[in-house]
Structures are given as C-alpha cells and as structure tokens.
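> Dumping the structure here so I can ask a few things about it.
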Amino acid sequence: MGRGTCTILGLLAFMAGTSGFAQVPPTAVSDQSPLLLSADPKLAANKRLVFDMVRTVLNAGRAGEAHRFVTPEYVQHNPNVTSGRQGLVDYIRRTRPERPIPDQITFPVISITAEGDLVIVATVDRENETTHFDMFRIENGLIAEHWDNVVRSRAAATKDPNVTATTR
Amino acid sequence: MRLTTTLCALSLSLGLAIPAQAQIPPEPVKDQLPLLQSKDPKLAANKKLVFDMYREVVNAGRTANAAKYFTEGYIQHNPNVTSGRKALVDYIKATRPERPVPPQITFPVISITAEGDFVTVATVSYEDDPEKPGEKYVTTHFDMYRLEKGLIAEHWDNVGRSSASKSKDPNVTNKPK
Numbered sequence: 050m051g052r053g054t055c056t057i058l059g060l061l062a063f064m065a066g067t068s069g070f071a072q073v074p075p076t077a078v079s080d081q082s083p084l085l086l087s088a089d090p091k092l093a094a095n096k097r098l099v100f101d102m103v104r105t106v107l108n109a110g111r112a113g114e115a116h117r118f119v120t121p122e123y124v125q126h127n128p129n130v131t132s133g134r135q136g137l138v139d140y141i142r143r144t145r146p147e148r149p150i151p152d153q154i155t156f157p158v159i160s161i162t163a164e165g166d167l168v169i170v171a172t173v174d175r176e177n178e179t180t181h182f183d184m185f186r187i188e189n190g191l192i193a194e195h196w197d198n199v200v201r202s203r204a205a206a207t208k209d210p211n212v213t214a215t216t217r
Numbered sequence: 177m178r179l180t181t182t183l184c185a186l187s188l189s190l191g192l193a194i195p196a197q198a199q200i201p202p203e204p205v206k207d208q209l210p211l212l213q214s215k216d217p218k219l220a221a222n223k224k225l226v227f228d229m230y231r232e233v234v235n236a237g238r239t240a241n242a243a244k245y246f247t248e249g250y251i252q253h254n255p256n257v258t259s260g261r262k263a264l265v266d267y268i269k270a271t272r273p274e275r276p277v278p279p280q281i282t283f284p285v286i287s288i289t290a291e292g293d294f295v296t297v298a299t300v301s302y303e304d305d306p307e308k309p310g311e312k313y314v315t316t317h318f319d320m321y322r323l324e325k326g327l328i329a330e331h332w333d334n335v336g337r338s339s340a341s342k343s344k345d346p347n348v349t350n351k352p353k
C-alpha cells in the first residue's frame, strides 16, 4: 500500500465525514437594524415595539417602563410567569437589576419576523445548542400576548437570561 | 358601612387575584386554513409549501417526495439531526411509519406566519410536569424555515440536544395524556 493509496483513503474518509455533516449551529446577526425593516409600516412599527421592549425591559430590567410596551391584561403562555403586566413586572424585578439600555438587543438575535398582529424573535440558545423563540401578539400598539418555548422550571423562574444566555 | 368595607375588601382581593393568575395554556386553532392566507402570493405559497410538507413528511412519514420540499443541501440547526435532505429522510424513516396524509397538520397548530423568506410554525407542546409525576402541562414549540426558490433550505427549532429525541415520533409523543 503506497503513499498514494493512503492519501486517497484519507481523502475518502474526509469526504465521508463531511457528507454526513452534523447540525450547523445557529448564528446571530451582528447588525439587528435590517431585521426591523418592512414594506408594511404596521409590521415595521410592531417589530420596533418588540425590539424596544426587549432592550428596555428584558435587557435593561426597566420594569417601570413596562406600561409603555405591554397591556395590563398581558396574556402569558410561559409556564413560569403569571399573566398580566404586573406578573411581568414582578418577574423582571425578581430576576435582574436595572442596567443601561443597550442600542440593540443583547441576546444573540437570529431573526425578527412579523405578519398580521404577530412578531417572532429567534435567538441563539447557547446553553442548549439550539434556538429560542418568543412570539408576541400586538393589540392597538401594545404587546397583549406572549408565547415562548420555555419549559416549566423553578430555576427558570428566578434566573436572569442576560447572564445565563450570554456567558456561554 | 360594614357591607361597603366587605365589598371593598372583596373587590380589592379580586383585583389582586386577577393579575396574579398563573400561565394561560396556549391553545391551537381549530381550522388551520385561514393561517395560510396572505395578500402577498409569495408568502401564501411559502406557507402552503411548509403546510404540505408537514402533512406529507412530518405527519404521514412519506419521505419519497422529500425532494418536492427540501433542497439537497438543507441546513439543519436541530442539534439531534444532521444536515442535508438525505439525513432528514433517514431521520423520518427511523422515527415513524408511513401513514395516510391528513387534510391539515395533526399537531395542535397555534400560528403559521411568514415574512421575507421565513415561515414559522408555532404548536402546542405537551410536556411532563417535573413536579407532578404522570401529569402534563403545556408550552409552545416553534419551527422556523427559510425558503430558497420554492424549497425549504434551512430549519431552526427549539429542541435541545437529546439522544431520546433522535428516536421518538412526535406524532405519538406530543399528546395531552
């Protein structure tokens, strides 16, 4: 078996390895501002509202600003947070300090899409090597309903995703 | 006066009780066809392609027509499935038998939305309650697809790395009981 054969065998092994290529880790965009564009001004406004809420309330922990973004009756489908704007305010105050408001969402955002009354934000979940989703329904310029893929967990009810999602 | 005080106390306690209600379980729509509508024919076509792919491939396990729906180089972000159309076909074949193609998606669909090249499907996910053995609770599962020239070229979902999910059939496991 000459060196040529070995090279060919090595090359074949390499090709076999790449043809069965594994999952491709999701990656975040570096500039989120193009994600806010839409030919439809209503969709652009809805995306902007969600973008500003995430920066102000979820990232910067400014629970006192929640009324600018969320209805009092806010319907919550996350199994660890109670419904109503007050439930969100309590959850934010319990899990994070107030911080400066960042220019962009500080979670690793993959996409922000909107149709009708819905806005969906997809972010990289580094802890679980997958994608995290939040979906919001907008009603008269305020967020009225929220779904995400979080599972029931006492730990999730107290942890600050600004710390746990970005340090991995 | 006493009655007024009682009523005040009652309304106060109700007022406090209402915002403190627990999670409201997400609910599926009864008819999925209105979710496929769009003023933009491209978005309507993208949603229909994803809807048909679910019914035929994910629900009915019919992998013979996978080329109708997926690019050969299909990029997979689910950490339990390898990339490429071939890997998807292998995964479907390994996890479920062929079944009749249903008229609508048999998962409990909450929404199907599209913008640009993306289509996102949200479904109710029935999970085992960690604190009440034998009981289920609900959260939301998401799948997002990127389309390229009328075929699905990329997929994201919220599934974490798990060897169990490599072999389970969600048509069987995602049930209320």
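Chains as they are written, first to last, in the numbering used here: chain A, 50 to 217; chain Z, 177 to 353. Just so it is clear, CB atoms sit at the ideal spot from N, CA and C, and this is done for glycine as well.
1) Once you ignore the five residues that flank K342 of chain Z on each side, which residues in its own chain have a CB closer than 7 Å to its CB?
2) Residues in its own chain within less than 7 Å of K140 of chain Z by CB, not counting five upstream and five downstream?
3) Report, in whole angstroms, the separation of the C-beta atoms of D345 of chain Z and T271 of chain Z, which I expect to be a contact under 8 Å.
4) Excluding the five sequence neighbours on either side, which residues of its own chain have a C-beta within less than 6 Å of the C-beta of F118 of chain A, listed in chain order?
5) Give every residue of the same chain whose Cβ lies closer than 7 Å to the Cβ of K351 of chain Z, excluding the five residues on either side of it in the sequence, and list them in chain order.
6) Along the chain, where does the alpha helix (DSSP H) that runs through V348 of chain Z open and close?
7) Using Cβ-Cβ distances below 8 Å, what residues of the stretch 170-195 of chain A are close to chain Z?
8) List the residues that DSSP assigns as beta-bridge partners of E8 of chain A.
9) Candidates Z:E274, Z:G260, Z:Q213, Z:Q199: which alpha carbon is nearest E232 of chain Z's?
10) From L98 of chain A to L167 of chain A, what does the alpha carbon distance come to, in whole angstroms?
11) State the beta-bridge partners of V297 of chain Z as determined by DSSP.
12) Quick one: which chain A residues come within Cβ less than 8 Å of D305 of chain Z?
13) Could you pull out every residue in the same chain whose Cβ sits closer than 8 Å to the Cβ of P128 of chain A, ignoring the five residues on either side in sequence?
14) The beta strand (DSSP E) with F100 of chain A in it runs from where to where?
15) Does any residue of chain A bring its CB to less than 7 Å from the CB of Y230 of chain Z?
A quick look at the data gives this:
1) Against the second sequence, residue 342 of chain Z aligns to sequence position 166. Answer for K342 of chain Z: N256, listed in chain order.
2) The first residue shown for chain Z is 177 and the last is 353, placing residue 140 of chain Z beyond what the model contains.
3) To locate residue 345 of chain Z, count along the second sequence from 1; it is residue 169. To locate residue 271 of chain Z, count along the second sequence from 1; it is residue 95. The distance from the Cβ of D345 of chain Z to that of T271 of chain Z is about 5 Å, consistent with a contact at the 8 Å cut-off.
4) Within the first sequence, the letter at position 69 stands for residue 118 of chain A. Answer for F118 of chain A: M102, I192, listed in chain order.
5) Translated into positions along the second sequence, residue 351 of chain Z becomes position 175. Here the set comprises Y302.
6) Taking the second sequence and counting its residues from 1, the one referred to as residue 348 of chain Z is at position 172. Per DSSP, V348 of chain Z belongs to the alpha helix (DSSP H) from 346-349.
7) A171, D174, N177, E178, T179, T180, H181, F182, M184
8) What the structure shows of chain A is the stretch from 50 to 217, and residue 8 of chain A is not part of that stretch, so it cannot be assessed.
9) Position 56 of the second sequence, counted from the first residue, corresponds to residue 232 of chain Z. Per the Cα distances, Z:E274.
10) Taking the first residue of the first sequence as 1, we reach residue 98 of chain A at position 49. Taking the first residue of the first sequence as 1, we reach residue 167 of chain A at position 118. Roughly 12 Å between the two C-alpha positions.
11) Working through the second sequence from its first residue, we reach residue 297 of chain Z at position 121. As a beta-bridge residue in DSSP terms, V297 of chain Z pairs with Z:I288, Z:D319.
12) Numbered from its first residue, the second sequence carries residue 305 of chain Z at position 129. Neighbours of D305 of chain Z on chain A, chain order: R201.
13) Here residue 128 of chain A corresponds to residue number 79 of the first sequence, with the count starting at 1. Excluding sequence neighbours, P128 of chain A sits near V199, V200, R201.
14) Here residue 100 of chain A refers to the residue found at position 51 when the first sequence is read from its first residue. Segment 90-102 is the alpha helix (DSSP H) holding F100 of chain A; no beta strand (DSSP E) there.
15) For this step, residue 230 of chain Z is matched to residue 54 along the second sequence. False, the Cβ-Cβ gap to chain A never drops below 7 Å.
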